[in-house]
Amino acid sequence: MGDEQRAEFGTPVATSQQSPARASVEAVFREERGRLLASLVRRFGDLDLAEEVTSEAVEAALVHWPGAGVPAKPGAWLLTTARRKAVDRLRRDQAYAARLAILQTEMERADPAPPADAGGDLPDERLQMFFTCSHPALAAEDRVAITLRCLAGLTTPEVARAFLVPPATMAQRIVRAKKKIREARIPFRVPGADELPERLPGVLQVLYSVFTEGYAASSGPALQRLDLAGEAIRLARILRRLLPAEREVAGLLALMLLVHARREARTGPDGALVLLDDQDRTRWDRPMIEEGRDLVVCALRGGPPGPYGVQAAIAALHDEAADLATTDWPQLVALYDVLLALTPSPVVALNRAVAVAMRDGPLAGLALLDGLADERQLQTYHPYPAARGDLLHRLGRLPEAAEAYRRALELAGTEPERAHLRSRLDAIAPATHGTQRSFGRPPSRASGPEGSAEAMH
Amino acid sequence: MKYMLLINAGAIGESGGAAECTVEDWMAYDKEVKDAGIFVSGESLADLVTATAVRVGEDGKRTITDGPFAETREVLGGFYVIDVPDLDVALDWAARCPGARGSGSIVVRPIADFDA
């Protein structure tokens, strides 16, 4: 705990006491911090030490640069400063130094230092950090926390806020992860080509968890937390630069961009959820869609498709359509078939059923949904009863639809999602109470998938 | 760095060993560990029916009981202590261990180092 607090103390946290100017300088350092940390971990093999001297070097820069001017190679300046501080520390602590010297020798033997890049500034050594932070020996929630801390450069309170957990809880996760990395000696290394297919999905999963958490908050008042989704995209871009040949990295980045491109249209001014069929498609981010589409091509070319590439292709089809009626539903059903074969899951089957309902009508979709009724994973998954409610509504089976919406309402996590379901329920409730008036039009599309993993499409 | 590989057998065969692997598998693995120069120590444990538990109460009186018998599905059947550079290497050796197959599992625990 002491180490963690010390590390936090020197960390440039954008607190309310600080000036806006300082906060913006610190934002610039965020990317630099991740690089610096990775380089120092490589050299000293110790995450705590690397974090402390990284923070101290950034602090030193904040003091010196405004007066002396920004050095020609800011990355190299920061690294030199941090290394000097690390050496000072090691001199003060002989036993520690002896242990680190052994570590260092072992690391150099296992993994020779990469050459500095031609530009002369810092080589990018973050790839090994991605693999260490998402190591399968760490608990899944800890992987996400430590990735945001060490690679996105977020402070512990920032990570805590993003996940709506108390800072102490988040600090505990980060301390636990760092302790395991240190004491079980999880190595800082990039897996060999033979291990990569086994390890890369874990890295991608961490980034996707950050993204989905930011996109559809699992609880609380706000439907979207854009900063987390933005961080996930930033990290995926870094990973794409570091692993340009990995098609699933391209697929994941494409998926994130193609979904994130709809962010402005996804919620109304009051924060209410706006479904795909009601979204103002002119507010979609066209340049982001273009970038995502180019990446989908990379992701699907040159070999069998991976699950992220296929999900990105699904998102791209939605992004390309002018409206729901002209959306290429047969193609979507075909893509869901591929996805279901790659990653069999009831959630994917649910999304496929919704696409089938759009292609063949609500009755066909409902039959598929009812076939999933016994799936355990769907028992507490609100998009499932919500999708059933929509199809039943379209079929005019209002009492059954109302019952399904009520079930969905019991399960829905975020307030905008609950508000949306309440409005659906209100639209048909009078009819179920025997009134002749019918409020609202039946949904032209099942709302089920909104908010689920595939559902952001 | 030293790691202990705790070999848990899920299902116990007729011979009292893990059901999914043969004596030959174990001999081959044992040879590999020793040839690789990472072997520190290792033993396999006798059948669980031979186990005896000892407890000492606050009054200093000792209690001896038969067992414990398997209350959980998994039974500790043996261990290796190996000396390798890091967790990834330890996990690789655990994955190659015959006891990792089928219903068995290997728990990898770093050995605490109080000199560091």
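Heads up: the protein sequence lines correspond to chains A and B, in order. Residues in the first sequence are numbered from 1318 upward in steps of one, following this note's numbering. Residues in the second sequence are numbered from 32 upward in steps of one, following this note's numbering. Idealized CB from N, CA, C, for every residue including glycine.
Does B:S75 come out as helix, strand or coil in the three-state DSSP assignment? Of the three classes helix, strand and coil, the one that applies to B:S75 here is strand, per DSSP.
May I ask you to report which of helix, strand or coil DSSP gives B:D123? helix
Using the Cβ count rule (16 or more neighbours within 10 Å means buried), how would you classify A:A1389? So A:A1389 ends up on the exposed side.
Put A:G1775 into one of helix, strand or coil per three-state DSSP. Residue 1775 of chain A lies beyond the range of chain A shown here (1318 to 1774); nothing can be said about it.
Compare the C-alpha of A:A1721 against each of A:L1396, A:P1663, A:V1614 and A:A1704 and name the closest. A:A1704
Give the secondary structure of A:P1431 by DSSP, where H, G and I count as helix, E and B as strand, and everything else as coil. Here the model assigns A:P1431 a pLDDT of 49, short of 50, so the residue's position is not dependable and the matter cannot be decided.
In whole angstroms, what separates the C-alpha of A:W1394 from that of A:P1733? 47 Å
Going by other Cβ atoms of all chains shown within 10 Å of its Cβ, with 16 needed for buried, is A:A1553 buried or exposed? buried
Can you find a C-beta in chain B that's less than 8 Å from the C-beta of A:E1500? By this cut-off, A:E1500 is an interface position.
Expressed to the nearest angstrom, what Euclidean distance is found between the alpha-carbon atoms of B:A131 and B:Y111? The C-alpha of B:Y111 is placed about 13 Å away from the C-alpha of B:A131.
Using the Cα positions of A:D1511 and B:G41, report the straight-line distance between them to the nearest angstrom. 29 Å
Using a Cβ-Cβ distance cut-off of 8 Å, determine whether A:A1454 contacts chain B. yes
Given a limit of 7 Å on CB to CB distance, which residues of the stretch 1617-1634 of chain A reach chain B? Along the stretch 1617-1634 of chain A, none of the residues has a CB nearer than 7 Å to a CB of chain B.
Closest by CA to B:L37, which one among B:D146, B:V106, B:V138 and B:A143? B:V138
Proximity to A:A1349 [Cα-Cα], best of A:D1365, A:I1631 and A:A1378: Here residue 1349 of chain A turns out to be Glu, not Ala, going by the sequence shown. Nearest option by C-alpha distance: A:A1378.
Measure the CB-CB distance between A:E1637 and A:P1663 and report whether it falls below 8 Å. no
Figure out for me which residue from A:L1396, A:A1589, A:L1455 and A:A1672 has the closest Cα to the Cα of A:L1708. A:A1672
Taking the C-alpha atoms as reference points, what is the distance between A:A1357 and A:E1475? The displayed chain sequence assigns Leu, not Ala, to residue 1357 of chain A. Roughly 23 Å separates the two Cα atoms.
Please name the residue, chosen from A:P1716, A:R1724, A:A1674 and A:L1715, that lies closest to A:L1695 on a Cα-to-Cα basis. A:R1724
Cβ neighbours of B:R140 in the same chain (closer than 6 Å, five flanking residues each side left out): Exclusion of the five residues before and after B:R140 leaves M35 as the residues of its chain whose Cβ lies within less than 6 Å of its Cβ.
Chain B beta carbons: is any one of them nearer than 8 Å to that of A:P1514? False, the Cβ-Cβ gap to chain B never drops below 8 Å.
Rounded C-alpha distance that separates A:A1729 from A:Y1698: A straight-line Cα-Cα distance of about 8 Å links A:A1729 and A:Y1698.
Could you name the residues of chain A that B:L118 contacts, counting a contact when the two beta carbons are closer than 7 Å? A1454, A1501, R1502, I1503 and P1504
What residues are listed by DSSP as bridge partners for B:M35? B:V112 and B:R140
Kindly indicate if chain A contains any beta-carbon less than 8 Å away from that of B:M32. yes
Same chain, Cβ closer than 8 Å to A:A1582, neighbours up to 5 away in sequence not counted: Closer than 8 Å at the Cβ level, and outside the excluded window around A:A1582, lie V1591, Q1596, D1597, R1598, R1600 and W1601.
Our contact map puts A:A1415 next to A:A1454 with C-beta atoms below 8 Å; I'd like the distance itself, whole angstroms only. Their Cβ separation, rounded to whole angstroms, is 26 Å, which puts A:A1415 and A:A1454 out of contact at 8 Å.
A:K1497, buried or exposed, once every other Cβ within 10 Å from all chains shown has been counted against 16: buried
Can you name, in chain order, every residue of its own chain whose Cβ lies under 6 Å from the Cβ of A:H1737, other than the five neighbours on each side? If we look at A:H1737 and ignore the five residues flanking it on each side, its Cβ neighbours are L1590.
Around the Cβ of B:K92, are there at least 16 other Cβ atoms within 10 angstroms (buried) or fewer (exposed)? exposed
Within the same chain, show all residues whose beta-carbon is closer than 7 Å to that of A:L1649, passing over the 5 residues directly before and after it, in chain order. Same-chain partners within the cutoff: I1631, L1634 and A1672.
By how many angstroms is the C-alpha of A:G1470 removed from the C-alpha of B:G108? 45 Å
Out of B:I113, B:L122 and B:A143, which one is the CA nearest neighbour of B:V64? B:I113
Starting from B:P141, find everything on chain A with Cβ-Cβ shorter than 9 Å and list it in chain order. E1500, A1501 and R1502
Mark A:E1727 as exposed unless 16 or more other C-beta atoms lie within 10 angstroms of its C-beta, in which case mark it buried. exposed
C-alpha distance - A:L1641 paired with A:M1675, whole-angstrom precision: Roughly 9 Å separates the two Cα atoms.
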